[in-house]
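Structure record follows, encoded as structure tokens.
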Amino acid sequence: MNSGEVIWSEDGRAGPNFPANAKRAVENSQLRRNVRKATGTIRERRAGLVAETPDWQQLRHAGAAIKDDVLNHLDRYLEQFEQNATARGAQVHWARDATEASTIVTDLVRATGRREVIKVKSMATQEIGLVKTLERAGIDARETDLAELIIQLSNDRPSHIVVPALHRNRAEIRRIFLDHMPDAPQDLTDDPHALAEAARLHLRRLFLTTKVAISGANFAIAETGGLLVAESEGNGRMCLTLPDTLISVVGIEKLIPAFSDLEVFLQLLPRSATGERMNPYNSMWTGVTENDGPQNVHIVLLDNGRTKALADRTGRQALRCIRCAACLNVCPVYERTGGHAYGATYPGPIGAILTPLLVGVENAPQLPFASSLCGACYEVCPVEIDIPTVLVKLRHDAVKAERHRLQDATFAAAANAMSGRRRWTAALRLAPLMRFIRHGAPPPLSGWTRTRDLPDPPPESFRDWWTKTKNGK
Ligand code: SF4
């Protein structure tokens, strides 16, 4: 089993088994070394840049306030965005969940008559499992971000939001290219430039021949109907400009009210994400521009649990997240386990709150406990998400959901037994067993008998007595 495979809970609960996944991860010393080295480097670079930005705290307040304004008036901003994007020639689609979003994208690609698409790195498309859905529809979706390419070639899963292949070192990447990239030179070394060049040549053919691209977006601007993608390699820009058709899957929380708000976020994001003063590539487009870039522009606005998260008064702040991964890079739990242990699209501290909020805490009850509550994530978050407070609240919800789950299971078993004469009679025959558990029941019943006595069952059930008495007559 490689580190990307998820161990799921065995006790009937849905969701990843974090303790089991974490145990396997910490036993992998190579993985721990790779993660520690990569997070340590980004952490130091970020700290240096924050120290040279005198208004950093004011920028954080501004980022949080802008996002809160969006969340408080999401309905209005979404409609404004749709109107402006449509007026500029884009087609806006609405998707309630992953299935709806994947179906919309698959149908749009099918309508082009093409069977190959290129992809810009996008968390939203990972969240909805888009590549697998396209694969099942006979559409070959190729990742073009270098790290995503490494992940796709090795049939692995991303382990970090910004640096998805952070758990791989150079030697491992060289091996992956040699084994899975047919056009990789046989004398390829693990020199970073040689690896990047091999990937560049491999991807160039795709950029020049593929007519459909799929992206996400870092920001959607309500005032203009435009989208922005920030990236480091330029591969994203190739995808966003060369194909005829561009389909962008955008979480509804990605909205910002105005173009001028980018002044705040384009300072916060690169410093927090990669430890850079600005993103090497900020690609922005608004609808269709005649004879310039894609002529068919589609935007799929994705809910997939976001409105449910919005309804949680404490948890809704998680929707401010700009996916910078600064919280991952400082988290002592993430540093030891890496991202695969979380078993979900979003790893680390933000994943520990966002996943339960999106899918329901009853479906990921262990994730809010994947934290030492040290508070380092809150200190670095560029939009001031109070992750520890949300974690504590979700722990409370998880315990409550677990209690209900046990109660539901008990009443379901009782209802089942009582709904048939034979079953009920058989159940009554088990009553004498209660004598054995009266003074020491096994878990989980021991929780009940630890402080309570169970009365001894009568030596004979009413049914047995009745049958005997009637026959005796
Ligand atoms: S929670 Fe904050 S620090 Fe973590 S990824 Fe989101 S914006 Fe970045």
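First residue of the sequence shown: 5, per my numbering; consecutive thereafter. C-beta atoms are modelled at their ideal positions from N, C-alpha and C, and glycine is treated no differently.
Assumed close pair residue i, residue j - CB separation to whole angstroms, cut-off 8 Å
i    : j    : result
A417 : W428 : About 12 Å; that fails the 8 Å criterion.
I268 : L63  : Note that residue 268 is Val in the sequence shown, not Ile. Indeed they touch by this definition, with Cβ atoms about 6 Å apart.
V167 : A42  : 6 Å
E227 : A262 : 4 Å
L246 : I326 : So it is not a contact: roughly 27 Å between Cβ atoms.
I389 : Q321 : 5 Å
L432 : R467 : 6 Å
V337 : A374 : 6 Å
C328 : P284 : So it is not a contact: roughly 15 Å between Cβ atoms.
Residue i CB to nearest heavy atom of the ligand SF4 below 7 Å
i    : result
P386 : yes
C378 : no
R320 : no
I354 : yes
A330 : yes
C325 : yes
I70  : no
S106 : no
C335 : no
C243 : no
I389 : yes
S163 : no
S126 : no
S219 : no
S375 : no
Own chain residues within Cβ distance below 6 Å of residue i, not counting five before or after
i    : result
E366 : A405
M147 : The question names Met, yet the displayed sequence has Glu at residue 147. Closer than 6 Å at the Cβ level, and outside the excluded window around E147, lie K123, L153, Q156.
D194 : R174, A175, R178
L210 : I122, R146
Sub-8 Å separation of residue i and residue j beta-carbons
i    : j    : result
S276 : A202 : no
L358 : Y346 : no
R174 : L199 : yes
I303 : L205 : no
V121 : V216 : yes
L361 : D316 : yes
G342 : S106 : no
I1   : P436 : The displayed coordinates of the chain run from 5 to 477. Any statement about residue 1 would go beyond what the structure contains.
G229 : A91  : yes
A2   : I108 : Shown here, the chain extends from 5 to 477; a query on residue 2 therefore has no answer.
L170 : L182 : no
G44  : G291 : no
P20  : A348 : yes
I251 : I225 : no
E280 : L150 : no
D265 : I132 : no
L138 : T110 : yes
Burial state of residue i, where buried means 16 or more other Cβ atoms lie within 10 Å
i    : result
R80  : exposed
M5   : Because the pLDDT of M5 is 49, which lies under 50, any placement of that residue in the model is unreliable, and the question is left without a value.
M282 : exposed
W289 : buried
H400 : exposed
H344 : buried
R324 : buried
G355 : buried
Q34  : exposed
Q190 : exposed
P186 : exposed
N25  : buried
T471 : exposed
Spatial neighbours of residue i in its chain, beta-carbon cut-off 7 Å, leaving aside the 5 residues before and after
i    : result
D144 : R119, E120
T318 : T393, V394, K397
V334 : R47, A380, C381, V384
I256 : L78, L82, L305, L306, D307, R310
V96  : E86, A89, T90, I303, L305
M438 : L458, P461
A478 : Here the chain has residues from 5 to 477 only, and residue 478 is not among them.
E339 : V39, R40, T43
Close Cβ partners of residue i (< 8 Å) along its chain, the five nearest in sequence each way excluded
i    : result
D248 : T116, K215, V216, P298, Q299, N300
V254 : A128, G220, A221, A224, L231, I303, V304, L305, L306
G67  : V268, F269, L272, R324, I326, P386, V387, E388
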